[in-house]
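Engineer: Attaching a single structure in structure tokens format; questions to follow.
Numbering (our numbering), first residue to last: 512 to 764.
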């Protein structure tokens with residue numbers, strides 16, 4: 512949506528409409544257009560990353576997810592145990608600078624069907640190959656789920672809601688350093704990236720989804736109250752119910 516220059520207010524309207532039809536549909540559209548990882552790419556991605564991923568995400572050729580939540584850490588990014596170590600390694604027959612990643616994530620929306628995995632982890636550089644500190648901190652990277660060693664576990668089924676949500680794991684998986692969102696210069700900048708971009712999901716996507724769902728409930732309830740009759744009158748015209756219904760701004764009686 513951002514790639515189409517939609518302002519946040521218009522995205523809010525879209526998500527409300529989608530949520531009014533299906534909360535699952537709204538979540539499925541909302542995740543790629545907020546943190547995972549469209550918003551991160553828009554703000555921090557290299558030109559090469561933007562040119563490769565954004566058109567493919569817009570066309571649905573790539574399905575993204577963003578893996579932040581860990582079994583013991585919840586969504587507290589500062590407490591995630593997942594790690595990456597800067598090192599040299601073999602990649603497609605060549606020795607390149609990269610990272611060896613280990614992670615264990617769960618409750619990741621769209622993970623069971625994702626083709627590209629946004630990953631948050633703590634990066635260290637013990638040999639100072641990047642020329643900076645040894646402990647770089649939280650870093651965000653994009654990992655194709657087809658990368659050897661990437662595991663997508665059995666799909667979660669929370670609250671009997673059939674949207675795509677599941678775990679993902681990886682152990683000692685080597686990927687090029689260019690997989691970091693924004694390139695090597697953004698190593699250790701993941702906390703700032705997350706804090707600045709989480710507001711789209713927390714402040715726009717989730718409230719829009721809730722508002723759209725509530726509007727649909729209110730309209731359906733109002734319609735039923737109009738056609739349901741008892742004692743020769745619509746129940747929506749009963750004084751007690753009518754007085755309470757007036758507080759709803761979406762379904763006037």
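Heads up, the beta-carbon is just placed ideally off N, CA and C, and yes, glycines get one too. Please read these numbers as outputs of a predicted model, since none were measured by experiment.
Could you please give me the residues that DSSP links to residue 730 through a beta bridge?
Structural biologist: Bridge partners of residue 730: none, in fact.
Engineer: Let's test the definition: count the other Cβ atoms within 10 Å of the Cβ of residue 593 and tell me whether it reaches 16, buried, or not, exposed.
Structural biologist: Buried.
Engineer: Which residue comes first and which comes last in the beta strand (DSSP E) that contains residue 605?
Structural biologist: Residue 605 -> beta strand (DSSP E) spans 605 to 620.
Engineer: To the nearest whole angstrom, what separates the beta carbons of residue 627 and residue 564, a pair I think is in contact under 8 Å?
Structural biologist: Contact holds; Cβ gap of about 7 Å.
Engineer: Around the C-beta of residue 704, are 16 or more other C-beta atoms found within 10 angstroms, so that it is buried, or is it exposed?
Structural biologist: Per the 10 Å Cβ criterion, buried.
Engineer: For residue 644, which of helix, strand or coil comes out of DSSP?
Structural biologist: Coil.
Engineer: If you run the structure through DSSP and keep just helix, strand and coil, what is residue 655?
Structural biologist: It is a strand residue.
Engineer: Can you confirm whether the stretch 638 to 652 touches the stretch 667 to 683 when touching is taken to mean that 3 or more C-beta pairs between the two stretches lie within less than 8 Å?
Structural biologist: Result no; under three Cβ-Cβ pairs closer than 8 Å.
Engineer: Determine whether the beta carbon atoms of residue 557 and residue 694 lie at a separation below 7 Å.
Structural biologist: Yes; because the gap between Cβ atoms is below 7 Å, this pair is in contact.
Engineer: Between the Cα of residue 596 and the Cα atoms of 602, 633 and 604, which residue gives the shortest distance?
Structural biologist: That would be 633, whose Cα lies nearest to the Cα of residue 596.
Engineer: Would you kindly report the start and end of the unbroken beta strand (DSSP E) that includes residue 670?
Structural biologist: Neither: residue 670 is in no beta strand (DSSP E) and is coded neither H nor E.
Engineer: Starting from the Cα of residue 658, find the closest Cα among 524, 641, 714 and 684 and give me that residue.
Structural biologist: Of the listed residues, the one whose Cα sits closest to residue 658 is 684.
Engineer: Short of 7 Å in beta carbon distance, which residues of its chain neighbour residue 613, apart from the five on each side in sequence? Order them along the chain.
Structural biologist: So the qualifying residues of the chain are 593, 594, 681, 682 and 683.
Engineer: Could you give the distance in angstroms between the alpha-carbon of residue 533 and the alpha-carbon of residue 641?
Structural biologist: Rounded to whole angstroms, residue 533 to residue 641 spans 46 Å at the Cα level.
Engineer: Have a look at residue 714 and residue 605 and give me their C-alpha separation to the nearest angstrom.
Structural biologist: Near 44 Å, if we compare the C-alpha coordinates of residue 605 and residue 714.
Engineer: If we ignore side chains and look at the alpha-carbon of each, how far apart do residue 748 and residue 737 end up?
Structural biologist: Between residue 748 and residue 737, the C-alpha separation is close to 8 Å.
Engineer: How close, in whole Å, do the beta carbons of residue 655 and residue 645 come, if the pair is a contact with beta carbons under 8 Å?
Structural biologist: Not quite, the Cβ-Cβ distance comes to about 28 Å (not below 8 Å), so this is no contact.
Engineer: What would DSSP say about residue 689, mapped onto helix, strand or coil?
Structural biologist: Correct three-state label for residue 689: helix.
Engineer: What three-state label does DSSP hand residue 796 in the structure shown?
Structural biologist: Only positions 512 to 764 of the chain appear in this structure, which leaves residue 796 out of reach.
Engineer: Can you grab the Cα-Cα spacing for the pair residue 503 / residue 537, in whole Å?
Structural biologist: Residue numbering for the chain in the displayed model covers 512 to 764; residue 503 lies beyond these limits and cannot be assessed.
Engineer: In this structure, does DSSP put residue 575 in helix, strand or coil?
Structural biologist: Residue 575 falls in the strand class under three-state DSSP.
Engineer: By Cβ distance below 8 Å, which residues in the same chain neighbour residue 535 in space, the five residues on each side in sequence not counted?
Structural biologist: Cβ neighbours of residue 535 beyond the five flanking positions: 672, 673 and 674.
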